[in-house]
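**Student:** For the sequence shown, the residue numbers in the working numbering are 508 to 598.
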Amino acid sequence: MPGYNATFDHGCVGACDMPLTMTWSAQPDATRYDVRYDNQTRKVNTVYSTSGTSYHLTGPYSGDHVCIALRAANQYGASAWTETYCFDTPY
Numbered sequence: 508m509p510g511y512n513a514t515f516d517h518g519c520v521g522a523c524d525m526p527l528t529m530t531w532s533a534q535p536d537a538t539r540y541d542v543r544y545d546n547q548t549r550k551v552n553t554v555y556s557t558s559g560t561s562y563h564l565t566g567p568y569s570g571d572h573v574c575i576a577l578r579a580a581n582q583y584g585a586s587a588w589t590e591t592y593c594f595d596t597p598y
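1. Nearest by alpha-carbon distance to Tyr592: which of Leu577, Tyr583, Ser586, Gln582 is it?
2. Could you check which residue in Arg549, Asp545, Asp524, Ala513 has the C-alpha nearest to that of Thr530?
3. Please list, in chain order, all residues of the same chain as Cys523 whose beta carbon is under 6 angstroms from its beta carbon, the five residues on each side excluded.
4. Does DSSP put Asp536 in a helix, a strand or coil?
5. By a C-beta neighbour count over all protein chains shown, 10 Å radius and 16 as the cutoff for buried, is Pro504 buried or exposed?
6. What residues match up with Arg578 in a beta bridge as DSSP calls it?
7. Using DSSP with H/G/I as helix, E/B as strand and the rest coil, what is Met529?
8. Comparing C-alpha positions only, which one of Gln534, Gly584, Tyr555 sits nearest to Asp541?
9. Rank Ser561, Ala537, Tyr544 by C-alpha distance to the C-alpha of His572 and give the top, closest one.
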């Protein structure tokens, strides 16, 4: 599965929420996409599923260390995860 884009919805000064939107291109035969979200600062590690080509994460806060990955899936199984991308959310 090719890469994806991840962008913050807004900036802030100091401690605040930093919603993140992930977008990607549709993959042939995919009926859903799994987004792996690992907020290592807040000890949240979960997988969200969506049928569309974007997902809005509301969990990150300024200064959090976050890792994300993506995979496509259908009734026959799932692709391998994309390479995990880790970053610190801005202040």
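We treat Cβ as the ideally placed atom computed from N, Cα and C, and that holds for glycine.
**Tutor:** The structure says:
1. For the purposes of this step, residue 592 is identified with residue 85 of the sequence shown, where counting begins at 1. The candidate whose alpha carbon is nearest that of Tyr592 is Leu577.
2. What you label residue 530 is simply residue 23 of the sequence shown in a count that begins at 1. Ranking Arg549, Asp545, Asp524, Ala513 by CA distance to the CA of Thr530 puts Ala513 first.
3. Counting from 1 along the sequence shown, the entry for residue 523 is found at position 16. Excluding sequence positions up to five before and after Cys523, its CB lies within less than 6 angstroms of the CB of Ser569, all in the same chain and listed in chain order.
4. Counting from 1 along the sequence shown, the entry for residue 536 is found at position 29. Looking at Asp536 - three-state DSSP - the assignment turns out to be coil, as it is neither helix nor strand.
5. The first residue shown for the chain is 508 and the last is 598, placing residue 504 beyond what the model contains.
6. Translated into the one-based positions of the sequence shown, residue 578 becomes position 71. Bridge partners of Arg578 according to DSSP: Asp541.
7. Taking the first residue of the sequence shown as position 1, residue 529 is located at position 22. In the three-state scheme derived from DSSP, where H, G and I count as helix and E and B as strand, Met529 is classed as strand.
8. Sequence index remark: in the sequence shown, residue 541 carries index 34 (1-based). For Asp541, the nearest C-alpha among the options comes from Tyr555.
9. The residue given as residue 572 occupies position 65 in the sequence shown. Residue Tyr544 is the option with its Cα nearest to His572.
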